[in-house]
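Undergrad: Taking full-length UniProt numbering, the leading residue of the sequence shown gets 1, the next gets one more, and so forth. C-beta: ideal position from N, C-alpha, C; glycine also. All figures in this text were calculated on a predicted structure; none of them were measured in a lab.
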Amino acid sequence: MSDDVILYTNPMSRGRIVRWMLEEIGKPYQTEWLTYGPQMKSPEFLAINPLGKIPAIRHGSTVVTETPAILAYLADAFPEAGLAPSPSKRGAYYRWLFFVSGPMESSVVNSLCGFAVPDDKRGMMGYGEVSVMHDTIEGAIKAGPYIAGQSFTAADLYLASHLSFQMNMCGMEKRPAFTDYVARMTDRDAFRRAAAIDNAAIEAATKA
1 MSDDVILYTN PMSRGRIVRW MLEEIGKPYQ TEWLTYGPQM KSPEFLAINP
51 LGKIPAIRHG STVVTETPAI LAYLADAFPE AGLAPSPSKR GAYYRWLFFV
101 SGPMESSVVN SLCGFAVPDD KRGMMGYGEV SVMHDTIEGA IKAGPYIAGQ
151 SFTAADLYLA SHLSFQMNMC GMEKRPAFTD YVARMTDRDA FRRAAAIDNA
201 AIEAATKA
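1) With a 10 Å radius around its C-beta and 16 neighbouring C-beta atoms as the bar for buried, classify Met1 as buried or exposed.
2) Count Cβ pairs between the segment 11-18 and the segment 47-61 that sit closer than 8 Å; are there 3 or more?
3) Is Gly82 helix, strand or coil when you go by DSSP?
4) Using 8 Å for Cβ pairs, my map puts Glu138 next to Ala177. What's the rounded Cβ distance?
5) So, at 8 Å on beta carbons, what are the nonlocal neighbours of residue 219 in its own chain, with the 5 sequence-adjacent residues on each side left out?
6) Can you check the segment 66-134 for any alpha helix (DSSP H) of at least 4 residues that lies completely inside it and give the ranges in chain order?
7) Look at the Cβ atom of Ala194, then the Cβ atom of Glu23, and state whether they are nearer than 7 Å.
8) For Met104, would you say it is in contact with chain B, using Cβ-to-Cβ distances shorter than 7 Å as the test?
9) Rounded to whole angstroms, what's the CA-CA distance from Ala84 to Thr153? Just pull it up for me.
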């Protein structure tokens, strides 16, 4: 079996984040394109992810699902790419990977679904007050230049991806600190290559 990473994805999915990561790593990888619907629920793909959701990767005999887990795995599997701090300096790195996948994502999902948290239940929400959560992100960004220290990591890739999506698609406040951070993080050749691949796939599917 090839040791190349196989990315299971759709160009209109969180798989775009994983592709950016793979382009940052710069090693050969394969793409298995899946369409929403029956193909993602096929026995073949359910053997990869029983939830029938993307993205997922296979690396040799290892299968990883869930975007932040994939990013963390890839950073460790390809340490020469420098996308994770040294183990003794990973506090902020882990904090922000899980902050994005936990409080940040749950807040936007609740918003998109029209769910208003009752005041007496707000303490149960991982994000608490959305405005305070946004203040927390802004403060960390301004302390930069990167979210987990002095160099670009998978945590920046993940946070910038979510900020971009939430500001452009979900009505998140476009604070200057957020737009500047996203612009800086995405001003990278790897991001441009990844976006071009997925955008070309979307265009081809539209014409099919």
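TA: With the given structure in hand:
1) With a pLDDT of 40 at Met1, under the threshold of 50, the modelled position of that residue is not reliable, and the figure given next carries that caveat. Label assigned to Met1: exposed.
2) Segments in contact, yes.
3) Reduced to three states, the DSSP call for Gly82 is coil.
4) Glu138 to Ala177, Cβ: 5 Å. Contact.
5) The chain is shown only over 1 to 208; residue 219 falls outside these bounds and no answer can be derived.
6) The segment 66-134 contains these whole alpha helix (DSSP H) runs: 67-77, 91-99, 105-112.
7) Yes, they are a contact pair.
8) In summary, chain B is missing from the structure at hand, where a single protein chain is found.
9) Distance between the alpha carbons of Ala84 and Thr153 is about 5 Å.
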